[in-house]
Amino acid sequence: MKKHLSILASDEYEGRETGKEGQKKAAEYIADNFKKIRLKSATDETYLQKFPLTQTTPESAEAEVGEKKYENHKDFYVFPYGNDLKLEAKSILFLGYGIADEKYDDYKNIDVKDKILLVLGGEPMNDDSISFITGTKDFSDWTSDFRKKSRFAKSKGASALVIINMNFEANIQFLKSFLESPSLKLETDTSEKNDERKDERKKIPQLGISIKTANDIFSDEKMNVDDIKKKIQKKKTSISFEIKSSFTLHIKNKEDKISSENVLGMIEGNEFKDEVVFVTAHYDHLGVHDGKIFNGADDNGSGTAAVMEMAEAFSLAKEAGFTPKRTMVFMTVAGEEKGLLGSSYYTDHPIFPIKKTVCNLNIDMIGRIDDEHKDSINYLYIIGSDKISTDLHKINENANSTYTKLKLDYKFNDPNDPNRFYYRSDHYNFAEKGVPIIFYFNGTHEDYHKETDDIDKINFDILTKRAQLVFYTAWEIANRKDRIECDVPQEKEKK
Ligand SMILES: [Zn+2]
Numbered sequence: 072m073k074k075h076l077s078i079l080a081s082d083e084y085e086g087r088e089t090g091k092e093g094q095k096k097a098a099e100y101i102a103d104n105f106k107k108i109r110l111k112s113a114t115d116e117t118y119l120q121k122f123p124l125t126q127t128t129p130e131s132a133e134a135e136v137g138e139k140k141y142e143n144h145k146d147f148y149v150f151p152y153g154n155d156l157k158l159e160a161k162s163i164l165f166l167g168y169g170i171a172d173e174k175y176d177d178y179k180n181i182d183v184k185d186k187i188l189l190v191l192g193g194e195p196m197n198d199d200s201i202s203f204i205t206g207t208k209d210f211s212d213w214t215s216d217f218r219k220k221s222r223f224a225k226s227k228g229a230s231a232l233v234i235i236n237m238n239f240e241a242n243i244q245f246l247k248s249f250l251e252s253p254s255l256k257l258e259t260d261t262s263e264k265n266d267e268r269k270d271e272r273k274k275i276p277q278l279g280i281s282i283k284t285a286n287d288i289f290s291d292e293k294m295n296v297d298d299i300k301k302k303i304q305k306k307k308t309s310i311s312f313e314i315k316s317s318f319t320l321h322i323k324n325k326e327d328k329i330s331s332e333n334v335l336g337m338i339e340g341n342e343f344k345d346e347v348v349f350v351t352a353h354y355d356h357l358g359v360h361d362g363k364i365f366n367g368a369d370d371n372g373s374g375t376a377a378v379m380e381m382a383e384a385f386s387l388a389k390e391a392g393f394t395p396k397r398t399m400v401f402m403t404v405a406g407e408e409k410g411l412l413g414s415s416y417y418t419d420h421p422i423f424p425i426k427k428t429v430c431n432l433n434i435d436m437i438g439r440i441d442d443e444h445k446d447s448i449n450y451l452y453i454i455g456s457d458k459i460s461t462d463l464h465k466i467n468e469n470a471n472s473t474y475t476k477l478k479l480d481y482k483f484n485d486p487n488d489p490n491r492f493y494y495r496s497d498h499y500n501f502a503e504k505g506v507p508i509i510f511y512f513n514g515t516h517e518d519y520h521k522e523t524d525d526i527d528k529i530n531f532d533i534l535t536k537r538a539q540l541v542f543y544t545a546w547e548i549a550n551r552k553d554r555i556e557c558d559v560p561q562e563k564e565k566k
């Protein structure tokens, strides 16, 4: 695994961003390895399943208030918005901090439908920096969750949200790479499921403006940001008023057709050949931003290396006379970081019938230790194992108590866990089709989604042990007499 990881997580692979050269190089490296270890291709001689993508890159944004034009990235910014847009309004509604909380409510008795809302960033605090909302010096999620205000504004029918960013000048630099980065979607996004998701993803435009821009907009009303903040602080209630200046926003994007690829290798079963056991890991990561390479050693070089080694173990076993009874498919997917795209494409265009897909063991980050386990590193989070098949859950537990003896942590398996990890990696696309899954995960850590997620921080001993647990579980599922059963009643999908 160290050998594979030192290649995949090296600077040469440029952070393996979906659709970019580094990702394609990684696909080639994995495919070459599948060939070398004598896996059979599940597609053509390339071992690849190609999928088409639409790449949307923000091109320009123009904003006008009254007669005055404002400049993108200098006076304001817009978070990436998937579609071209031309928005016009006769006025702007200033709405305090844009917060609706029982302790402080800007929305009370105010109709914001189809309005352009202008709000202060952050939340109201008293003289001692105590938040009106939390009652402590800590911010509430109205401040820490940068999309919360716009999600709420959208739910009330507002058509755009403009937030006054109190640190505009300091923020615009690091925001820039995010603001300019392209988004990807599957070109063949036709299923109902994806329509629903698209709908969910549809956001209202969210802008940030500087205090200077805000004061400019307030000048006709003889107001300024400082005065407003002080007034709210003193009154302890919201202030809102209408600004009778017209507002236009014009967002333009550039669209390109690109493609990416999943890599699939297999070992055919010798007894129940048409039943397939899937072991997966995404091999894409975040790419290069501001000249910094995000190598993604843990996320998810660790899972990719584990899948490659496991494939080799099954292949060596076959050569030693231990061909699995069921067919083993090893698939590394792309597009995960862009919204589980590769696995979504696969499960909508399956190469093996979904009905014959016995399970999906998905690995996403297994080479590190999270803060909670600093003193007991012999652990692994198990997510989803009991959601569809009790057999699967038991087999995994047995494999662990017999061989690997890790502490299996089910904390994130709780459906009420706010992290919602169950929905956040590739197995979810299989689960949605009724395929039993397990998601193997070490939790997040200080280098998660940072350019510091490097190979020198990987713990190879624990990575090995965790990969072995997946191996033993896969081995049992592939070789037992009976196919595992889907016996857990499924709730009808709720929106
Ligand atoms: Zn990941």
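Okay, so the sequence shown: first residue is 72 according to the working numbering, each after it adds one.
Even for Gly, the Cβ is constructed at its ideal location relative to N, Cα and C.
Flag His353 as yes when its Cβ comes closer than 8 Å to any non-hydrogen atom of ligand 1, and as no otherwise. Correct: His353 has its Cβ closer than 8 Å to ligand 1.
What three-state label does DSSP hand Glu443 in the structure shown? helix
Spell out whether any CB of chain C is found under 9 Å from the CB atom of Glu517. Of the protein chains in the structure, only one exists, and it is not chain C.
Classify His520 as helix, strand or coil using the three-state DSSP reduction. coil
Just checking Met436 against ligand 1 - is the residue's beta carbon closer than 8 Å to any of the ligand's heavy atoms? yes
Apart from the five residues on each side of it in sequence, which residues of its chain come closer than 6 Å, Cβ to Cβ, to Glu263? Any reading at Glu263 must be qualified, since the residue scores a pLDDT of 48, below 50, and its modelled position is unreliable; the value itself is stated next. Excluding positions up to five away in sequence, the list is empty.
Rounded C-beta distance between Val541 and Ile434? I'm assuming under 8 Å. 6 Å
In or out: Leu534 buried (at least 16 other Cβ within 10 Å) or exposed? buried
DSSP bridge partner residues for His321 (one or two, in chain order): Glu133 and Lys157
Assumed close pair Glu194, Thr214 - CB separation to whole angstroms, cut-off 8 Å: Yes, they are in contact, since the Cβ atoms of Glu194 and Thr214 sit about 5 Å apart, within 8 Å.
Can you find at least 3 beta carbon pairs, one from the segment 403 to 419 and one from the segment 466 to 473, that sit closer than 8 Å? no
Throw me the rounded Cβ distance for the Val190 and Leu166 pair, which I believe falls under 8 Å. 5 Å
For ligand 1, any of its heavy atoms closer than 8 Å to the Cβ of Ser496? yes
For ligand 1, is there any heavy atom lying closer than 8 Å to the beta carbon of Asn371? yes
Whole angstroms are fine: how far does the CA of Thr128 sit from the CA of Gly336? 33 Å
Drop a sphere of 10 angstroms on the beta-carbon of His520, count the other beta-carbons inside from all chains shown, and report buried for 16 or more, exposed for fewer. exposed
For Gly438, does the three-state DSSP call read helix, strand or coil? Shown here, Gly438 sits in coil according to DSSP, grouped into three states, outside any helix or strand.
May I ask whether a heavy atom of ligand 2 can be found less than 8 Å away from the beta carbon of Glu408? Annotation note on ligand 2: not contained in the displayed structure, which lists ligand 1 as its ligands.
Please specify which runs of the beta strand (DSSP E), each continuous and at least 3 residues long, are wholly inside the segment 452 to 531, giving them in chain order. 478 to 480 and 508 to 512
Please classify Gly93: does DSSP put it in a helix, a strand, or coil? helix
Let's see if you can read the secondary structure: which residues bound the alpha helix (DSSP H) around Glu251? Phe239 to Glu251
With Gly358 as the anchor, note down where its beta strand (DSSP E) starts and where it stops. Gly358 to His360
Taking all protein chains shown into account, decide if Phe217 is buried (16 or more other Cβ within 10 angstroms of its Cβ) or exposed. exposed
Supposed close pair Phe483, Ser496 - CB separation, criterion 8 Å: With 8 Å as the limit, Phe483 and Ser496 do not qualify as a contact, their Cβ atoms being about 11 Å apart.
Under three-state DSSP, which class holds Gln126? Note: Gln126 maps to strand in three-state DSSP.
What are the boundary residues of the beta strand (DSSP E) that includes Ala171? According to the DSSP assignment, Ala171 belongs to no beta strand (DSSP E), since it is labelled neither H nor E.
Chain-order list of residues whose beta-carbon lies under 6 Å from that of Ala285 (same chain, five-residue window excluded): Ile235 and Val296
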